[in-house]
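Structure, as C-alpha cells:
Right, dumping it as C-alpha cells:
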C-alpha cells in the first residue's frame, strides 16, 4: 500500500497558526461547510454529491428477496461502499482500508440503526417476499470529509429513489414496471445528517467539515449524526486526543444548526428536481 | 514457536529417563487442576478446567433443535468446535490458530461424534424423521501451558455432566403427524443419557526411551511421538490417535496403551467423584436457599 | 415505545437496580500465564478477558511507525456467550481509544486481545475497562486509567450501565470513556436516537459511572500490587 506523504512541518504550522487566528487555508471560517452541490441523474435514486472537491455518488437499487428468518416482516437495507484508487492513491482495490471500514460503519449506524428508512414498509408478503434496498456508494475524489459527503449522498439518494409498485392479491404478487404504474417513494422517517469535526491544539480549536489537509494534521475527530428534530442518531469519537465534555456538548449544538442548513438544502434540491421532472 | 537448544533437550530427556521432570514430577504424575461447572449462565452446560499454572479451557454446551439428517432420521447429533483464543498465545492471532483449531476439533469430534462416546443418540431424537436435538460443544482455549487435548476432554466431560436438556412433550395429531412443545421448567430438564460412559483422553508423550503424561510446553517440544488414547470408565478404548513425527515400537505401544488405560481409569473416577460432590453442594445450597457463588476466573491453582 | 416495562412506577429497573446504579463489578489482573499482561472483568453478567502482548517487534514491517508504537486490537466473541449460539466473525475491530504513552516505544507493536465470554450488554465498556487493566498489568506506562461506562435513556429518565435487555429494547445507549484524573473524554459512541437536550444529562451520568468504575479498578490494582510495595518497604 502506498502510504500518503505526511504534510511538511511548515504546512502544519501554517494551518495551525491560521486556525489560531480563526482562519482556514481554503478561506472558510471554522464552522463553515464547503459548498454543497447535489446533482440528480435521469433515473431515480442516483445522486452525485459534491462537497467542495470531495465527490461521492450514490445509487439505490431494489430487488425482491426472501426475508431473514428472524425478521420475517422486515425488508433489507444494505450499504456498499467502494473507495477506489481514483479518489486517492492511498486506497487500494479489494482491500478495504481502516478508513473505509470506519466510513461504512458510520453510515450504517447513522442510517440503519437509527431507522431512518421504514424497513417494515418494505415487506411484500411476510416471511416470503420483501424488498431489499441496496445503496452503492462510490467515492470519486477525496478532498477530506468523506463521511459527511457519503451520508448526504446516501440519504438524498434514498429520498429520491422510487421503487416499482406492487399489488398483492391472495398469494399472487405483481410487480408493476415503471411504465405501467407510477413508482412509489420509500418511506423515510427522518433525515440523519453527519457532521464531522476535527480538533487541533489539544482540543481547543475545532473545525467543521475538515479538508484533507486538516484531516492529516488533526489531533482528534468526532462525527455526530443528527436529524432536524434535534435527535442525535449516532455519535462516534474514538481515538485521538481526549476532549472536555463541554466541548462535545458545544459540538452537538453546532451540529444542530448545520443539520438544519443541510436538510434544507437537500429538500430544496429534491423539490427543484421534482419540478424539473414535472415540467418535462 | 520457541526452539529448544540441544542442552535443554538433553536435560529434559535425561530427566524423563531418571523419572524426575523439570517441575519435580515423576513420569506418570499429573499436575493439579481446578475444575468448576456451570459458570456460564447462557449455556445449557459449561465447565472450566485450569491445569497446572497455565492451561485453561472453557467449554460451553448448547442444545438446539434442528431437522434430522435424511439418512439417519432417528438420532440426534453432537457437534464439536475448538477455538484457540489469542489470549493463550500470540501464535493464535488472526488465522494463526486455524490449523490447531481444526486438529483439535477433529480429535474431539472423532471421539464424541459416534456411538463410542456412550451418549444415547436415539434419545436426542424428538420426533422420528423430523426433529432432534443437536448438542453443540464449544471449547475455548484461553491459556496455554501444555497438554491441551486432555484438558479439553476433561472439561467436555464435566460440561456434559453439567448439561441439562429441556424436556419435550409430544402430541400425536393423528395421520402420522406430531407436534411437540419444549417445557420451560428448569426443574424438568434432564441430563443426557449415557453421560457416565463419556471417555476422556490421555496423551502420552514419548521422550527418549520413556513416556510421560501431562506434558509441559517444553516437554511437548522434545516429544518424538505422542499417542492420545480415549478411554471410558469401563477401560474400553474409544479412540487412539498418534501424533508427532517419530515412530513407536509395537512393544512400547502396548505398554503405553496399558498405562493410558490405568491412568484414564483413575482420572475418570476422581473426576466423577468431584463432579458429584460439586453438584451435591450446589443442590444443598439451592435447597437451603443460599446464594450459589461461582468462582469463575478467580479460582487459581 | 418499548413493549417491555423497563422502569417500574417506583423507578426501579428490570434487574432491581436504581437508575443511577452500576452492576456489580469484579476485576482481577494477571489471570493468564502466557500473556505479558492480562485481566478479567465481570460487569453484571458480562464477562470479558483481555490479554496484552508487547511492546515487541512489529510483525509487518510496513506498519512500523518511527515515532511511536502501533496498537493492534483483536476482538473475539465466544460462541456460547449469547443466548443464541452463533459463530461471530473474528476481528470485529473496536478502536479502543486507549491512551498510551506510545511515544516511549518507537518502532514497536502492542497487541491487545479481547475475549468476550459472556455477553449481557455493555460489551464495549467492559472491553475498554478490561484492556486498561491488562495494560496496567503489563506495566505499559499510561497517562491515566481509561474508564468506560454506558448510560441510556428510558422514558426520559437517564439510566446508568444498561444490561442486554435494556440495550436491545431500542433505547439509546451512550458509551463514554474518560481519563478520570482530568475528566477528559477519550471515546464517545452512541447509536439509536437521543434528543440533543438529553445528551448533557446522559453524558454526565455516564461520566459519573466512569468515576465509580475508576475507584473500583484502582482498588483492584492497588490491592494486587500491595505485596510489591510491602516488599520494598522492608
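Residue numbers (the numbering used here), protein chains in the order written: chain A, 715 to 994; chain B, 11 to 311; chain C, 1107 to 1340.
Ideal Cβ positions, reconstructed from N, Cα and C, are used throughout, including at glycine.
Which value, in whole angstroms, describes the spacing of the CA atoms of residue 94 of chain B and residue 238 of chain B? Straight-line Cα distance between these residues: approximately 19 Å.
What separation, rounded to the nearest whole angstrom, lies between the Cα atoms of residue 1164 of chain C and residue 1171 of chain C? Rounded to the nearest angstrom, the two C-alpha atoms are 9 Å apart.
Residues in the region 214-245 of chain B with C-beta within 8 Å of chain C's C-beta atoms, listed in sequence order? Residues of the region 214-245 of chain B with a Cβ closer than 8 Å to any Cβ of chain C: none.
Rounded to whole angstroms, what's the CA-CA distance from residue 811 of chain A to residue 921 of chain A? Just pull it up for me. Going by the C-alpha atoms only, they are around 25 Å apart.
For a cutoff of 8 Å on Cβ pairs, would you count residue 1313 of chain C as touching chain A? Using beta-carbon distances, residue 1313 of chain C counts as an interface residue toward chain A, with a partner under 8 Å.
8 Å CB neighbourhood of residue 56 of chain B in its chain, flanking five on each side removed: Once the five neighbours on either side are set aside, the close Cβ partners of residue 56 of chain B are 47, 48, 49, 50, 68, 69, 70, 71, 169, 172.
Kindly say whether residue 302 of chain B, judged by its beta-carbon, lies nearer than 8 Å to any beta-carbon of chain C. It does not: the Cβ of residue 302 of chain B has no partner Cβ on chain C nearer than 8 Å.
Please report the residue range of the alpha helix (DSSP H) in which residue 869 of chain A lies. From DSSP, the alpha helix (DSSP H) with residue 869 of chain A extends over 860-874.
Status (buried if at least 16 other CB within 10 Å, exposed otherwise) for residue 745 of chain A: Burial call: exposed.
Keeping to the same chain, check which residues put their C-beta closer than 8 Å to that of residue 796 of chain A; ignore five residues upstream and five downstream. So the qualifying residues of the chain are 850, 851, 852, 853.
Give every residue of the same chain whose Cβ lies closer than 8 Å to the Cβ of residue 723 of chain A, excluding the five residues on either side of it in the sequence, and list them in chain order. The answer is none, since no qualifying residue turns up.
Endpoints, alpha helix (DSSP H) assigned at residue 188 of chain B: In the DSSP annotation of this structure, residue 188 of chain B is not part of any alpha helix (DSSP H); the continuous beta strand (DSSP E) holding it starts and ends at 187-192.
Which of the residues in the region 1155-1187 of chain C, read from start to end, lie with their CB under 7 Å from any CB of chain B? Sequence-ordered contacts of the region 1155-1187 of chain C with chain B read 1155, 1157, 1159, 1180, 1182, 1184, 1185, 1186, 1187 [C-beta pairs closer than 7 Å].
Close Cβ partners of residue 905 of chain A (< 6 Å) along its chain, the five nearest in sequence each way excluded: Within the same chain, and ignoring the five residues on either side of residue 905 of chain A in sequence, the residues whose Cβ sits closer than 6 Å to its Cβ are 869, 941, 977.
Rounded distance between the beta-carbons of residue 1254 of chain C and residue 1231 of chain C, thought under 8 Å: Their Cβ separation, rounded to whole angstroms, is 4 Å, which keeps residue 1231 of chain C and residue 1254 of chain C in contact under 8 Å.
At a cut-off of 7 Å, would you count residue 27 of chain B as near the ligand NAP, judging by its Cβ distance to the nearest heavy atom? Judged by which ligands are present, the structure shown has none, so any question about the ligand NAP falls away.
Given that residue 103 of chain B touches chain C, what residues does it touch there, using C-beta distances under 9 Å? Going along chain C in sequence order, the residues near residue 103 of chain B (Cβ under 9 Å) are 1159, 1165, 1178, 1180, 1217, 1219.
Near residue 53 of chain B, what residues of its chain come up, given a Cβ to Cβ distance below 7 Å and the 5 sequence neighbours on each side ignored? Contacts found: 70, 71, 72.
With a cut-off of 8 Å on the beta carbons, I'd call residue 763 of chain A and residue 846 of chain A a contact; round off their distance for me. That belief does not hold up - the Cβ atoms of residue 763 of chain A and residue 846 of chain A are roughly 23 Å apart, past 8 Å.
Going by other Cβ atoms of all chains shown within 10 Å of its Cβ, with 16 needed for buried, is residue 192 of chain B buried or exposed? Around the C-beta of residue 192 of chain B, fewer than 16 other C-beta atoms lie within 10 Å, and the residue is accordingly described as exposed.
Please list the partners that residue 1291 of chain C has in chain A, where partner means a Cβ-to-Cβ separation under 9 Å. Ordered by position in chain A, the residues that pass the 9 Å Cβ test against residue 1291 of chain C are 951, 956, 957, 958, 959, 961, 962.
Chain B residues whose Cβ lies nearer than 8 Å to that of residue 1235 of chain C: Chain-order list of chain B residues neighbouring residue 1235 of chain C: empty, with the shortest C-beta distance near 15 Å, by a criterion of under 8 Å.
Per DSSP, residue 221 of chain B is paired with what? DSSP lists B:216 as partners of residue 221 of chain B.
When the cut-off is 8 Å and only beta carbons count, does residue 1144 of chain C lie next to chain B? Chain B places a beta carbon closer than 8 Å to that of residue 1144 of chain C, counting this residue as a contact.
Would you mind working out which of C:1271, C:1158, C:1233, C:1294 sits nearest residue 1136 of chain C, comparing C-alpha positions? The candidate whose alpha carbon is nearest that of residue 1136 of chain C is C:1158.
Output needed for residue 1200 of chain C: all residues of its chain with C-beta closer than 7 Å, excluding positions within five of it in sequence on either side, in chain order. Interpretation of residue 1200 of chain C is limited by its pLDDT of 47, a score under 50 that renders its predicted location unreliable; the figure taken from the coordinates is listed afterwards. Once the five neighbours on either side are set aside, the close Cβ partners of residue 1200 of chain C are 1179, 1181, 1230, 1233.
Would a check of beta-carbon distances place residue 1309 of chain C closer than 8 Å to chain A? Taking CB atoms only, residue 1309 of chain C has a neighbour in chain A less than 8 Å away.
Is the region 282-299 of chain B in contact with the region 222-232 of chain B, if contact means three or more CB pairs nearer than 8 Å? Counting Cβ pairs under 8 Å, fewer than three are found: no touch.
Can you find at least 3 beta carbon pairs, one from the region 1260-1271 of chain C and one from the region 1109-1129 of chain C, that sit closer than 8 Å? Taking one beta carbon from each stretch, the region 1260-1271 of chain C and the region 1109-1129 of chain C have 3 or more pairs nearer than 8 Å; the two touch.
Against chain C, does residue 164 of chain B count as a neighbour if the rule is that its beta carbon must be under 8 Å from one of theirs? It does not: the Cβ of residue 164 of chain B has no partner Cβ on chain C nearer than 8 Å.
Host beta strand (DSSP E) of residue 21 of chain B (start-end): Counting along the chain, residue 21 of chain B falls outside any beta strand (DSSP E), though it belongs to the alpha helix (DSSP H) covering 16-27.
Can you name, in chain order, every residue of its own chain whose Cβ lies under 8 Å from the Cβ of residue 27 of chain B, other than the five neighbours on each side? If we look at residue 27 of chain B and ignore the five residues flanking it on each side, its Cβ neighbours are 218, 219, 220.
How about residue 64 of chain B: is its C-beta nearer than 8 Å to some C-beta of chain C? Chain C contact via Cβ: present.
Quick one: grab the DSSP three-state call for residue 994 of chain A. DSSP, reduced to helix, strand and coil, places residue 994 of chain A outside both helices and strands of the structure shown, so it counts as coil.
Residues sharing a beta bridge with residue 1253 of chain C, DSSP: As computed with DSSP, residue 1253 of chain C is found in a beta bridge with C:1284.
Would residue 1116 of chain C be called buried (16 or more neighbouring beta carbons within 10 Å of its own) or exposed? Looking at its Cβ environment, which holds fewer than 16 other Cβ atoms inside 10 Å, residue 1116 of chain C is exposed.
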